[in-house]
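When we follow this note's numbering, the leftmost residue of the sequence shown carries the number 390, and every step to the right adds one.
We treat Cβ as the ideally placed atom computed from N, Cα and C, and that holds for glycine.
All remarks here apply to the structure that follows.
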Amino acid sequence: MQLRYNYRAYPDAAQCRALARAFGCARVVWNDCLRDRTQAHAAGLPYVKSAELSRLRITQAKRTEERAWLADVSAVVLQQSLRDLDTAYKNFFDSLSGKRQGRKVCPPRYKSKKDPRQSIRLNTNAFSLRDDGTVYVAKVGNFKVKWSRRLPAAPTSLTVTKDSCGRYFLSFVVDTEPDILPELETDTGIDLGLSAFAVLSDGRKIDSPRFLRRAEKKHKRLGRELSRKAEGSKNRAKARIKVARQHARVANRRQDFHHKVSTQIIRDNQAVYVEDLAVSGLGRTRLAKSVHDAGWSAFVNMLEYKAVKHGRNFTKVDRTFPSSQVCSACGFRDGPKPLHVRQWTCSTCGTVHDRDHNAAHNVLFEGRRIVAAGRAETRNACGAPVRRAHVPAQRGEAGSPRKGQRPRPTSLDFRPGSTSSCEA
């Protein structure tokens, strides 16, 4: 599997100028090649091949007076910029044809030199690791790097990035084998929320740190200082960097929290089940700031790749599953409830439920059902194989209600509290 390791780099003044040239040359090659393909498409001409663009916009362009400065940087930087453009077009075409899953991908756009975030990508021909702990980049020099941990194998590519704060990072891609952890008998369901960041089915509740909310007062003060500075002045540039650094601190704290929590959950459980939330839709509601402050998508992505890395099972429960409406004791669906209802009593069995704990239990049971339904056989508590009988969908669940009829709460076929071939 491929993993990415990120380290902070500290270039000197000359290396910063060399990197600025490399960023600019890569951006110019991207924009020139994108312009050629856009104009060819507008004129009804065939798609311009990469070999033709490489010859026109890199090899021949270096011999002209207008683009002679392209020879000041490594040719690998320019070629990788063209390859990145090809990848962007491939993702766009695959998204149009349906080969690429997920949200639709927009066509490539022009890059701006005013963008505070710049990057270049290199292969093994343009960088190397030195014995003294530095990293050599072609036509830039040896970088001082803060090695927080050792690389597990030789890197296959390197991305040099400058963020909006003016910091430089080296990102290595490494091919390594999965680090399989010993198997466990435990599994857990996770209900993500805002009042509590995560509630686990075993009863544990992880409080939400609310990093952005806690730093909001300082953000507002720095924003007011930035708005008072004149456009284009040096003081405005300094104020902008202060705002960017404050946002970077919040993002770093959130990322560190996500890494620690996700690692602990993966180490403690053999299987993890999480509800697939519509974060992009929730980000357009009045709870948008709190939703983005929680960072659910990044946390779920960490759980997913760490499960693959350590040999754990990870399953997403469909977002349409009514985890907050179903009684985890008897399986009765009691209907939707507003967000301010944190506790409710089942009208069938009389069990008093905490909303979040009940949802976490339902996510656990539904995740077990999904995993069991994907296998021909599973085993019960005694170790004997048990076949799951085919249960047809109820008539009330198979379609939408007829006109003039209101949907009534019904009992689900799968009763988590009664029979489950996965329960131990």
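Buried or exposed by the 16-neighbour rule on C-beta atoms within 10 Å, applied to residue i
i: Gly433; result: exposed
i: Glu574; result: exposed
i: Lys695; result: buried
i: Asn690; result: exposed
i: Asp421; result: buried
i: Tyr399; result: exposed
i: Lys551; result: buried
i: Arg776; result: Residue confidence for Arg776 is low, a pLDDT of 37 falling below 50, so the modelled location carries little weight; the figure read from the coordinates is stated next. So Arg776 counts as exposed.
i: Ile569; result: exposed
i: Ala762; result: exposed
i: Ala431; result: exposed
i: Lys792; result: Legend: pLDDT at Lys792 = 43, less than 50; position of this residue unreliable, value from coordinates given subsequently. Classification of Lys792: exposed, given that the 10 Å Cβ count is below 16.
i: Ser616; result: exposed
i: Val706; result: buried
i: Ala403; result: exposed
i: Val741; result: exposed
i: Asp682; result: buried
i: Gln507; result: buried
i: Leu485; result: exposed
i: Arg406; result: exposed
i: Arg758; result: buried
i: Cys539; result: With the sequence shown as reference, residue 539 is identified as Arg, and Cys is not the correct amino acid for it. When all chains shown are included, Arg539 counts as exposed.
i: Gly756; result: buried
i: Arg519; result: exposed
i: Ala626; result: exposed
i: Arg426; result: buried
i: Gly785; result: Bear in mind that a pLDDT of 35 at Gly785, under 50, signals an unreliable position, so the model cannot answer this.
i: Cys720; result: First, the residue type needs correcting, since residue 720 is Gly and not Cys in the sequence shown. Under this definition Gly720 is a buried residue.
i: Asn624; result: exposed
i: Ala748; result: buried
i: Ser712; result: buried
i: Asn641; result: exposed
i: Ala457; result: exposed
i: Ala660; result: buried
i: Ala429; result: exposed
Paired residues, beta bridge with residue i - DSSP
i: Leu588; result: Checking the sequence shown, residue 588 turns out to be Val, not Leu. DSSP lists Asp580, Lys594 as partners of Val588.
i: Glu664; result: Val706
i: Ala398; result: Val534, Tyr557
i: Tyr525; result: Ser517, Asn531
i: Asp743; result: Gln732
i: Thr550; result: Ser508, Phe558
i: Val680; result: Paired residue(s): none; Val680 is not in a bridge.
i: Leu392; result: Val563
i: Pro544; result: Val563
Integer Cβ distance of residue i from residue j, believed to fall under 8 Å
i: Ile579; j: Val650; result: Rounded, the Cβ-Cβ distance is 10 Å, inconsistent with contact.
i: Val715; j: Arg708; result: With 8 Å as the limit, Val715 and Arg708 do not qualify as a contact, their Cβ atoms being about 15 Å apart.
i: Val549; j: Leu408; result: 7 Å
i: Ile654; j: Thr577; result: 7 Å
i: Asp745; j: Val494; result: That pair is no contact at about 35 Å.
i: Tyr436; j: Ser537; result: Going by Cβ atoms, the distance from Tyr436 to Ser537 rounds to 44 Å, so no, they are not a contact pair.
i: Arg643; j: Gly684; result: 5 Å
i: Glu605; j: Ala628; result: The Cβ separation is near 18 Å, so there is no contact.
i: Pro497; j: Leu423; result: 6 Å
i: Met390; j: Pro571; result: No, Met390 and Pro571 are not in contact; Cβ-Cβ is about 19 Å, not under 8 Å.
i: Asp475; j: Ser439; result: 6 Å
i: Val563; j: Tyr394; result: 6 Å
i: Asn480; j: Arg472; result: About 13 Å separates the two Cβ atoms, so there is no contact after all.
i: His647; j: Phe688; result: 5 Å
heavy atom of the ligand ADP below 7 Å from residue i C-beta
i: Val494; result: By its list of ligands, the structure shown contains no ligand whatsoever, and the ligand ADP lies outside what it can speak to.
Closer than 8 Å to chain D by CB, residue i
i: Pro544; result: Included in the structure is just one protein chain, with no chain D present.
Quiz item: Taking one C-beta from the stretch 581-595 and one from the stretch 417-425 each time, how about it: are there three or more such pairs within less than 8 Å?
Solution: no
Exercise. May I ask you to verify whether the stretch 443-458 touches the stretch 542-557, counting CB pairs closer than 8 Å and requiring at least 3?
Key: Result no; under three Cβ-Cβ pairs closer than 8 Å.
Self-check item: Touch test, the stretch 728-748 against the stretch 696-706, Cβ-Cβ under 8 Å, three pairs minimum
Solution: no
Quiz item: For the 8 Å Cβ check, are there 3 or more pairs between the stretch 508-528 and the stretch 549-568?
Solution: With the cut-off at 8 Å, the stretch 508-528 and the stretch 549-568 touch.
Quiz prompt | Those runs of the beta strand (DSSP E) which lie wholly inside the stretch 707-734 and span at least 3 residues | solution = You should have 732-734.
Self-check item: 4 or more residues per run - each alpha helix (DSSP H) lying fully within the stretch 599-652
Solution: 600-603, 605-617
Quiz prompt | Runs of beta strand (DSSP E) lying entirely within the stretch 471-516, each at least 3 residues, in chain order | solution = 507-512
Quiz prompt | Cβ contact (3+ pairs, closer than 8 Å) linking the stretch 504-522 and the stretch 449-468 | solution = yes
Quiz prompt | Three CB pairs or more closer than 8 Å across the stretch 749-763 and the stretch 661-668 | solution = yes
Quiz item: Fully enclosed by the stretch 419-448, which alpha helix (DSSP H) runs are 4 residues long or longer?
Solution: 439-443
Quiz item: Does the stretch 628-639 touch the stretch 671-678, meaning 3 or more C-beta pairs lie closer than 8 Å?
Solution: no
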